[in-house]
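Read top to bottom, the protein sequences are chains S and P.
For the first sequence, my numbering assigns the number 15 to the initial residue and increments by one for each residue that follows.
For the second sequence, my numbering assigns the number 12 to the initial residue and increments by one for each residue that follows.
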Amino acid sequence: MANAVLTATSDERVSTRNPLQKLLVRPEIGALVGAVVLFVFFSAIAPVFLQPNSLATVLYGSSTIGIMAVGVALLMIGGEFDLSTGVAVITSALSASMFSWYFSVNIWVGVLFALLISLGIGFINGWILVKTKLPSFIVTLATFLMLAGLNLGLTRMIGGAVATPSISSIDGFDAAKAIFASSVNIAGIEVNVTVFIWIGLVAVASWVLLRTKVGNWIFAAGGDANAARAVGVPVTKTKIGLFMAVGFCGWILGMHNLFAFNTVQSGEGVGNEFLYIIAAVIGGCLLTGGYGSAVGGAIGAFIFGMANKGIVYAQWNPDWFKFFLGLMLLLATIVNLIVKRRAESK
Amino acid sequence: MNAQQINQQTLLKDEKDPLTHTPVHLLSLDKIGKHYGNVIALRDVTMAVDNGRVTCVLGDNGAGKSTLIKIIAGLHQHDEGSFKIMGEERKLGSPREALDAGIATVYQDLAVVPLMPIWRNFFLGSELTTGWGPFKSMDVQKMKDITLKELAEMGIDLRDVEQPIGQLSGGERQCVAIARAVYFGAKVLILDEPTAALGVKQSGVVLRYILQARDRGLGVIFITHNPHHAFPVGDRFLLLKRGKSIGYYDKKDITLDELTAQMAGGAELAELAHELEQLGGHTEALKEVQAEVAGVADAAAESNTKRH
């Protein structure tokens, strides 16, 4: 082995990988193929789908899933997942709204309070996980139930109703709405600000994942936590940090919900956690961790957005949406699996 | 072959090291003990590691080898005895602390993340960065170049540092891990059963890297259950059995046969011979085992007389 001539240019054991094959080993390839197929499909059967305004709507729908999918994808690459995200988004919105309303303070105080709550939920999830070494399924399922109960219970206790009072008259509302829930006019098309936040988050997450040492630690923590720990990677800090990043994404989405609708229904959010996980899985993140990409999660969210709105544009009964989503999940993950095996065996 | 009969006069306790004549060892363990609850995993183990020397730790499964290296590598803490690094009493709280003290470990299960590319694995936990503050990013090109160069210097000819490390053979992965430890300035290199899962040829390659690491001035701790692998490269030999030290030798005080005899365990062989005899029939096998028992007894007697 050592006697073999070391030549960087030609080695008989290396068959040159063509660019197509290089592309095929990317984690998000299955999702990308799925997204293209879906796009062509809806463009063909529903011409409305291709209109700029429809695309902006699709992007908005995708962004409300995609913002969370960024955090959830990172967390899954880090080897854990979070079932409490759906209700944690509502918890964040409720915290901001109720805090500002109850104490009659500027809405920004409430927004910051909500940020602390969201990061705190992430921290507690992560801390319990690393301390007890219980599976994240159990830990976050418990958090999910507790938060769902707290959302309902505290909202009724403080406000006396199942929804929060409208906050549109509280100081600072307009500025906050401009940041979290406005829309930007691009060439006559109203694009919601969440689309830009989403793209920004994906870019930052991709950079962190691929170009920083923290990204290296995330892959390692999910790929083999013991091996990572043995070479000095702070695995517990990485995992807690990931849960807090999910919390941060939940805060952004929570603030968007709050300022888009002025009021929050305390019972909402249940079930959404699966949409975020589905987006990440369709995007090529392995459930077992150590493999995936932030861009994949974004494509997964985009598939979700297209399917969700495309069914409406095609004038089908929206009842079919869930079936469609399930089918996409199954197909995309099977494609991911096959493509990955093929590419690796070559 | 009775553990009680072996006194520990050859142990390097508060003496000058007969090999290097330095008063301070790179690492020295004195009467180290460790228990998990009421299970005693290790007791009374004494050994030393020096620059440019290979200390072999030999023992069968469950002899306490893994516990011993986990203590040195900072994964576990000892309960008894003293553990000194450069003469300074230490208790390592984490693998990071061990690494900072210059102790690098190459584990049996290799401590690599199979899905990650070779270069990411090479620099895992010690990534090179450029830039400032929150914009600090990894110096990817430099890390790839160094990985390729370091591996080539160890005589490892790799195709592509971008490929997942899980695609390499066991021997190659072992070598990447050794090269990584050497590059990151390890003073002490712990190799946990590096040849256990390898074929004859691949084992030879790994043994050569052990010698290369030694020649670069590292203190090497080589853990194995194979005396044939340990003897050619080792300078000192610590034998463990059921969590206890049953002997600690300089190379000049022991031969390969004696080492094998100590490892093989004469009592177990005698028992096997007895069982075969009772079963009857297996004459040839019985003869072989009896010859083996005789050989072990001779070698043990020899090594006992040598030490007194």
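Every residue, glycine too, gets a C-beta built ideally from N, C-alpha and C.
On a predicted model such as this, the values are computed, not experimentally measured, just so you know.
Can you tell which of the options has its C-alpha closest to the C-alpha of residue i?
i, options, result
"G230/P", "G48/P, G44/P and A59/P", "A59/P"
"I43/P", "K95/P, L297/P, V172/P and E164/P", "K95/P"
"H240/P", "K252/P, L251/P and Q213/P", "Q213/P"
"I234/P", "L38/P, T66/P and A52/P", "T66/P"
"G181/P", "L297/P, E282/P, T140/P and L209/P", "L209/P"
"H36/P", "V68/P, N72/P and E100/P", "E100/P"
"E204/P", "K45/P, D168/P and V117/P", "V117/P"
"S132/S", "I254/S, S307/S, V295/S and V309/S", "I254/S"
"T99/S", "P61/S, A315/S, V62/S and L267/S", "L267/S"
"D268/P", "H285/P, P243/P and G254/P", "P243/P"
"N271/S", "Q65/S, I142/S, K145/S and T178/S", "T178/S"
"L162/P", "N62/P, I189/P, L297/P and K76/P", "I189/P"
"G93/S", "S307/S, G340/S, M160/S and V125/S", "S307/S"
"A109/P", "K81/P, A74/P and N49/P", "K81/P"
"N72/P", "Y194/P, R253/P, E299/P and L270/P", "R253/P"
Roughly how many angstroms lie between the CA atoms of residue i and residue j, to the nearest whole one?
i, j, result
"E138/P", "T226/S", "8 Å"
"A239/S", "L97/S", "21 Å"
"A272/P", "D264/P", "14 Å"
"E295/P", "Q301/P", "10 Å"
"V101/S", "A234/S", "29 Å"
"V228/S", "A244/S", "16 Å"
"W115/S", "S106/S", "14 Å"
"F95/S", "C299/S", "11 Å"
"L148/S", "E288/P", "53 Å"
"L22/P", "L249/P", "Note that L22/P scores a pLDDT of 36, beneath 50, so its modelled location is shaky; the value from the coordinates is reported in the next line. About 10 Å."
"Y305/S", "D41/P", "44 Å"
"G48/S", "R227/P", "53 Å"
"G136/S", "P248/S", "17 Å"
"M97/P", "L86/P", "20 Å"
"A45/S", "V86/S", "16 Å"
"F337/S", "F56/S", "16 Å"
"D111/P", "V199/P", "11 Å"
"L79/P", "I51/P", "12 Å"
"R107/P", "G246/S", "5 Å"
"A294/S", "P125/P", "21 Å"
"A274/S", "K251/S", "34 Å"
"V218/S", "G196/P", "33 Å"
"S180/S", "T277/S", "5 Å"
"L202/P", "I232/P", "6 Å"
"Q19/P", "Y259/P", "With a pLDDT of only 35 at Q19/P, under the threshold of 50, the placement of this residue in the model should not be trusted; the figure read from the coordinates follows. The alpha-carbon atoms of Q19/P and Y259/P are separated by roughly 7 Å."
"F127/S", "V260/S", "17 Å"
"L103/P", "S197/S", "56 Å"
"N237/P", "Y290/S", "52 Å"
"L224/S", "M274/P", "48 Å"
"G297/S", "D185/S", "41 Å"
"V50/S", "G173/S", "47 Å"
"H319/P", "T57/P", "Residue confidence is low: H319/P scores 46 on pLDDT, short of 50, so the model does not pin down where it sits. Its coordinate-derived value is still stated next. Rounded to the nearest angstrom, the two C-alpha atoms are 19 Å apart."
"F210/S", "W122/S", "21 Å"
"L344/S", "I43/S", "15 Å"
"I142/S", "Q88/P", "24 Å"
Report yes or no: is there a C-beta of chain A within less than 7 Å of the C-beta of residue i?
i, result
"E299/P", "Absence of chain A from the displayed structure is noted, the protein chains being S and P."
Per DSSP, residue i is paired with what?
i, result
"M149/P", "T140/P"
"P41/S", "Answer is none; P41/S lacks a bridge partner."
"A59/P", "S39/P"
"Q279/S", "A177/S"
"C67/P", "F233/P and F248/P"
"V199/P", "I114/P and G230/P"
"P128/P", "P175/P"
"S256/P", "L251/P"
"N206/S", "S197/S"
"L54/P", "A small correction: the amino acid at residue 54/P is Arg; Leu does not occupy that position in the sequence shown. K255/P, per the DSSP bridge assignment."
"K45/P", "L53/P"
"F94/P", "L40/P"
Jot down the residue ranges of each uninterrupted alpha helix (DSSP H) in the stretch 227-256 of chain S, minimum 4 residues, whole runs only, in chain order. Those alpha helix (DSSP H) runs which fall completely within the stretch 227-256 of chain S and span 4+ residues are 227-237 and 239-244.
If you measure beta-carbon to beta-carbon, which residues of the stretch 300-333 of chain S are closer than 7 Å to chain P? G304 and Y305
Chain P contacts from the stretch 228-251 of chain S (Cβ-Cβ distance under 7 Å): N230, F233, A234, G237, D238, A241, A242, R243, A244, V245, G246 and V247
In chain order, which alpha helix (DSSP H) runs of at least 4 residues are fully inside the stretch 167-196 of chain S? 187-194
If contact means a Cβ-Cβ distance below 9 Å, which residues of the stretch 141-162 of chain P contact chain S? K147, S148, M149, V151 and L159
Members of the stretch 195-229 of chain S that neighbour chain P once the beta carbon cut-off is set at 7 Å: R225, T226 and K227
Identify every run of the beta strand (DSSP E) within the stretch 37-111 of chain S, keeping only runs that are complete inside it and at least 3 residues long; order them along the chain. none
Could you pull out every unbroken alpha helix (DSSP H) segment of at least 4 residues lying fully inside the stretch 262-316 of chain S, listed in chain order? DSSP runs (the alpha helix (DSSP H)) wholly in the stretch 262-316 of chain S: 286-296.
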